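Q:
Residue numbers (my numbering), protein chains in the order written: chain D, 1 to 94; chain Y, 1 to 140.
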């Protein structure tokens, strides 16, 4: 699959995932596209959509925790209203 | 004669003061360069700059792109007092790993070669400026 195809696939997945949890994706399209592109590049090059805002150790077992959605995102969204990489956001009315 | 000498000294003092102000304004206007830090140059740069903030970033990290222009602005504002550098973690993974950086952007603050503070995540300019002043109190 081309990188653009992967980006759109990840965008669709992220939108659905956010909707199911009552969240939204970053409304700043430029920021959103940067993160989606980072996820797509990691998926294409490394086989997994590792978070582009976290450092990989190189050990696939250890790095499983930073595959998006990472193990930190729910707590970050609950506390900060968004995940560290600014992909998922709480809805403003919440 | 004594009055003339006093006048000359005063004029010279004013001239030098004005020159310093113009140099500072010019420095602020063009902005101080943000140093490019790599695994190879890290130690040398940290040793040569008594106060330095290094921004660890990567190209496809959205929040890193928010912090990057702020680092440029603060580099201009603190020119001559605090140095600012950038380290691409994709190209230079050793230093980031050495300091236990797991998320980017991360800012590391070094005073006289010692790590004195760190900021993780995209913070507003004011928050970063406050941390600079807190970490390097004498640069006010």
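For every residue, glycine included, the Cβ atom is placed at its ideal position computed from N, Cα and C. For clarity, every value in this text was computed on a predicted model and none was experimentally measured.
Look up residue 86 of chain Y in the DSSP assignment and say whether it is helix, strand or coil.
A: Of the three classes helix, strand and coil, the one that applies to residue 86 of chain Y here is strand, per DSSP.
Q: Taking the C-alpha atoms as reference points, what is the distance between residue 135 of chain Y and residue 116 of chain Y?
A: Approximately 7 Å, taken between the alpha carbons.
Q: Kindly list, in the order they appear in chain C, the residues whose Cβ is closer than 7 Å to that of residue 54 of chain D.
A: Here the protein chains are D and Y, and chain C is not one of them.
Q: To which residues of the same chain is residue 36 of chain D closer than 6 Å at the C-beta, ignoring the five residues directly before and after it?
A: Correct list, in chain order: 7, 10, 11.
Q: Report yes if the CB atom of residue 5 of chain D is closer than 7 Å to the CB atom of residue 60 of chain Y, and no otherwise.
A: No. Outside cutoff.
Q: What are the boundary residues of the beta strand (DSSP E) that residue 118 of chain Y is part of?
A: From DSSP, the beta strand (DSSP E) with residue 118 of chain Y extends over 114-120.
Q: For chain Y, is any of its Cβ atoms less than 7 Å away from the one on residue 45 of chain D?
A: Output row for residue 45 of chain D: interface = no.
Q: Give the residues from the region 40-67 of chain Y that approach chain D closer than 7 Å (Cβ to any Cβ), ordered along the chain.
A: Residues passing the 7 Å Cβ filter: 58, 60, 61, 62, 63, 65.
Q: Spatial neighbours of residue 42 of chain D within its chain, please: CB distance less than 7 Å, with the 5 preceding and 5 following residues excluded, ordered by chain position.
A: Excluding residues within five positions, the ones whose Cβ falls inside 7 Å are 48, 49, 50, 52.
Q: According to a CB-to-CB cut-off of less than 8 Å, which residues of the region 67-94 of chain Y neighbour chain D?
A: Cβ contacts with chain D: 89, 93.
Q: Using CA atoms only, rank isn't needed, just tell me which of Y:49, Y:62, Y:106, Y:86 is closest to residue 35 of chain Y.
A: Measuring from the Cα of residue 35 of chain Y, the nearest candidate turns out to be Y:86.
Q: Under 7 Å, do residue 55 of chain Y and residue 107 of chain Y count as touching if we go by C-beta distance?
A: Contact flag set, yes.
Q: Which partner residues of residue 103 of chain Y appear in the DSSP bridge assignment?
A: Residue 103 of chain Y is bridged to D:54.
Q: Between which two residues does the beta strand (DSSP E) harbouring residue 57 of chain Y extend?
A: Run containing residue 57 of chain Y: 51-57, per the beta strand (DSSP E) assignment.
Q: Could you check whether residue 76 of chain Y and residue 84 of chain Y sit closer than 7 Å to each other, using their CB atoms as the reference points?
A: Contact: no.
Q: What whole-angstrom Cβ distance do residue 63 of chain Y and residue 86 of chain D have, given they're in contact under 8 Å?
A: Confirmed, about 5 Å.
Q: Rounded to a whole number of angstroms, what is the C-alpha to C-alpha distance between residue 104 of chain Y and residue 68 of chain Y?
A: In a straight line, the C-alpha of residue 104 of chain Y is about 12 Å away from that of residue 68 of chain Y.
Q: Going residue by residue through the region 13-80 of chain D, where are the continuous alpha helix (DSSP H) segments of at least 4 residues, counting only ones entirely within it?
A: DSSP runs (the alpha helix (DSSP H)) wholly in the region 13-80 of chain D: 29-46, 60-63, 73-80.
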